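Residue numbers (our numbering): 67 to 135.
Now the structure itself:
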(Lines of atoms letter the chains of each structure in order from A; the text may use other names.)
(Lines give C-alpha, C1' and ligand atoms only; values in the text may rest on other atoms or scores of the structure.)
Protein backbone atom coordinates (compact mmCIF):
# COMPACT_ATOMS: atom_id res chain seq x y z
CA UNK A 67 0.00 0.00 0.00
CA UNK A 68 1.63 3.21 -1.17
CA UNK A 69 1.30 6.43 0.74
CA UNK A 70 -0.44 9.37 -0.83
CA UNK A 71 1.33 12.70 -1.19
CA UNK A 72 -0.70 14.11 1.69
CA UNK A 73 0.19 11.16 3.94
CA UNK A 74 3.89 11.56 3.10
CA UNK A 75 3.71 15.26 3.92
CA UNK A 76 2.03 14.58 7.27
CA UNK A 77 4.55 11.87 8.13
CA UNK A 78 7.53 14.04 7.22
CA UNK A 79 6.19 17.06 9.08
CA UNK A 80 5.49 14.96 12.17
CA UNK A 81 9.02 13.54 12.16
CA UNK A 82 10.52 17.02 11.81
CA UNK A 83 8.42 18.39 14.66
CA UNK A 84 9.37 15.43 16.86
CA UNK A 85 13.06 15.92 16.09
CA UNK A 86 12.82 19.66 16.76
CA UNK A 87 11.31 18.87 20.16
CA UNK A 88 13.79 16.14 21.11
CA UNK A 89 17.08 17.74 20.00
CA UNK A 90 17.16 20.54 22.62
CA UNK A 91 16.33 18.06 25.37
CA UNK A 92 19.24 15.82 24.35
CA UNK A 93 21.65 18.74 24.14
CA UNK A 94 20.54 20.07 27.54
CA UNK A 95 20.95 16.65 29.13
CA UNK A 96 24.44 16.30 27.66
CA UNK A 97 25.36 19.73 28.96
CA UNK A 98 24.38 18.89 32.53
CA UNK A 99 25.97 15.42 32.77
CA UNK A 100 29.58 14.72 33.63
CA UNK A 101 31.80 12.57 31.42
CA UNK A 102 31.46 9.71 33.92
CA UNK A 103 27.69 9.62 33.36
CA UNK A 104 27.89 9.19 29.57
CA UNK A 105 28.96 6.14 27.58
CA UNK A 106 31.26 7.09 24.73
CA UNK A 107 32.39 10.46 23.44
CA UNK A 108 30.16 13.43 24.17
CA UNK A 109 30.61 14.84 20.64
CA UNK A 110 29.23 11.61 19.14
CA UNK A 111 26.05 11.93 21.19
CA UNK A 112 25.71 15.63 20.37
CA UNK A 113 25.86 14.93 16.65
CA UNK A 114 23.92 11.70 16.50
CA UNK A 115 21.36 12.46 19.20
CA UNK A 116 20.41 15.86 17.87
CA UNK A 117 20.22 14.98 14.17
CA UNK A 118 17.87 12.00 14.10
CA UNK A 119 15.28 10.29 16.26
CA UNK A 120 17.05 6.94 16.24
CA UNK A 121 20.18 8.54 17.66
CA UNK A 122 18.12 10.26 20.35
CA UNK A 123 16.49 6.98 21.35
CA UNK A 124 19.85 5.19 21.50
CA UNK A 125 21.23 7.99 23.68
CA UNK A 126 18.36 7.74 26.17
CA UNK A 127 18.49 3.94 26.41
CA UNK A 128 22.22 3.28 26.05
CA UNK A 129 24.31 6.47 26.10
CA UNK A 130 23.34 7.57 29.59
CA UNK A 131 24.76 5.58 32.47
CA UNK A 132 22.33 4.91 35.29
CA UNK A 133 22.66 7.37 38.16
CA UNK A 134 22.99 6.12 41.71
CA UNK A 135 19.85 7.05 43.62
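The C-beta atom is built at its ideal place from N, Cα and C for all residues, glycine as well. Being a predicted model, the structure only gives us computed values, none of them experimental.
Status (buried if at least 16 other CB within 10 Å, exposed otherwise) for residue 96: Classification for residue 96: buried.
Inter-stretch contact at 8 Å, needing at least 3 Cβ pairs: the stretch 83 to 93 / the stretch 115 to 129: The answer is yes - the stretch 115 to 129 touches the stretch 83 to 93, with three or more Cβ pairs under 8 Å.
Please classify residue 94: does DSSP put it in a helix, a strand, or coil? Assigned with DSSP and collapsed to three states, residue 94 falls in helix.
Less than 7 Å between C-beta atoms, sequence neighbours within five positions excluded: which residues of the same chain meet that for residue 105? Excluding its 5 nearest sequence neighbours in each direction, residue 105 has C-beta neighbours in its own chain below 7 Å: 128, 129, 131, listed in chain order.
Taking the C-alpha atoms as reference points, what is the distance between residue 83 and residue 134? Distance between the alpha carbons of residue 83 and residue 134 is about 33 Å.
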